[in-house]
Every structure is written in structure tokens, then in C-alpha cells.
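Take our numbering: the final residue in the sequence shown is number 290, and no numbers are missing along the way. Even glycine gets a Cβ: it sits at the ideal position worked out from N, Cα and C. These figures come from a predicted structure and were not determined experimentally.
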Amino acid sequence: MPEETIFSKIIRREVPATILFQDDRVTAFRDINAKAPTHILIIPNKVIPSTNDVTPEDEGVLGHLFIVAAKLAKEQGIARDGYRLIVNCGRHGGQEVYHLHMHLMGGRPLGPMLMPAG
Ligand code: AMP
173 MPEETIFSKI IRREVPATIL FQDDRVTAFR DINAKAPTHI LIIPNKVIPS TNDVTPEDEG
233 VLGHLFIVAA KLAKEQGIAR DGYRLIVNCG RHGGQEVYHL HMHLMGGRPL GPMLMPAG
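Given below as C-alpha cells:
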């Protein structure tokens, strides 16, 4: 069994978070350190540490992350102007929490996707 992170405690509501959506497969809550006016994390309820650990049986839940992202973007009023979905993986990807998550960010122009190559 992969190791749990604080995100499992958020799913079980053992630590506080602003949960905007939850069903039997995914949970979405506001990022505690928002980097945009809207910054939401959408995570599978099942612990998948990173995209390196994804298997074919995860196809359904990973597709569901996008469905929930689109629904939340509409609800948050950012769908028309657009937004960014990010999934970081590993050290070079800047992943901090090893429970796969999709960042939904919007509410202002987000600028170029990456810093210039160095
Ligand atoms: P990443 O760098 O892709 O692993 O992103 C991890 C994200 O989790 C960061 O944006 C953090 O601000 C966010 N985060 C960490 N702990 C919490 C928490 N307890 N509640 C909400 N967001 C959190």
C-alpha cells in the first residue's frame, strides 16, 4: 500500500480544508497557499503517489479528475476566460505532496507556462 499523505486526512475530513466537491472517487479542495485567485486541488480518493504510479485501472478516476475540473471551473466562473490544469511529478516537476493531484488555477492571466530554459 502506498504511504498516505495529509491529503488522505483531508479526504477523511480529519484535518480542515475547504472542500468544494467530493464523491466516491475524487475530492476537490482549495489550495492552502493559493497562487491564483482560484486555486483548487483535485485528487483521487485512492492514494496514487504520482503519475509514475498510474496503472491502466486508474484510467476511470483520472478521466473523472478532468470532468470535476471542468465542472468546478464553470462553478467558479473561470471557464469562459480560461484556466490552467497542472499535474507535477517528482523532483524536477516540483511535486511536494506525493498523492497525485491536479491543480486548477485561474481568475487572472497566468502568464507563460514555464520559466525560460536555463
Ligand atoms: P505540488 O507541488 O504539485 O505537490 O503541490 C502541492 C500543493 O499542495 C501546494 O500547492 C500546497 O500549497 C498544497 N497543500 C499542501 N498542504 C495542503 C493542505 N493541508 N491543504 C491545502 N493545500 C495544501
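Next item on the list: Below 8 Å CB to CB, which residues in the same chain sit around V198 once its five sequence neighbours on both sides are set aside?
Entry: I214, I215, P216, N217, V233, H236, L237, V240
Note to self: Quick check on this structure: which residue in V269, V226, A242 has the alpha carbon closest to the alpha carbon of M277?
What the structure shows: A242
Notebook entry, point to check: Since I183 is in the beta strand (DSSP E), which residue starts that stretch and which ends it?
Noted result: Note, I183: premise wrong, no beta strand (DSSP E); alpha helix (DSSP H) at 178-183.
Check: Taking the Cβ atom as the reference point for each residue, do L244 and L192 lie within a distance shorter than 8 Å?
Finding: yes
Margin query: Considering only heavy atoms of ligand 1, does any lie closer than 7 Å to the CB of V219?
Written below: no
Item checked: Coil, strand or helix - G232 by DSSP -> helix
Check: In its own chain, which residues sit with a C-beta less than 8 Å from the C-beta of A251, not counting the 5 before and 5 after it?
Finding: A242, A245
Checklist line | Per DSSP, the bridge partner or partners of G278 | finding: T210, Y255
Check: What residues in its chain sit with their C-beta under 6 Å from that of I183, if we drop five residues either side in the sequence?
Finding: T199, N217
Next item on the list: Would you list the residues sitting across from R295 in a DSSP beta bridge?
Entry: Within the shown structure, residues of the chain are numbered from 173 to 290, placing residue 295 beyond reach of any answer.
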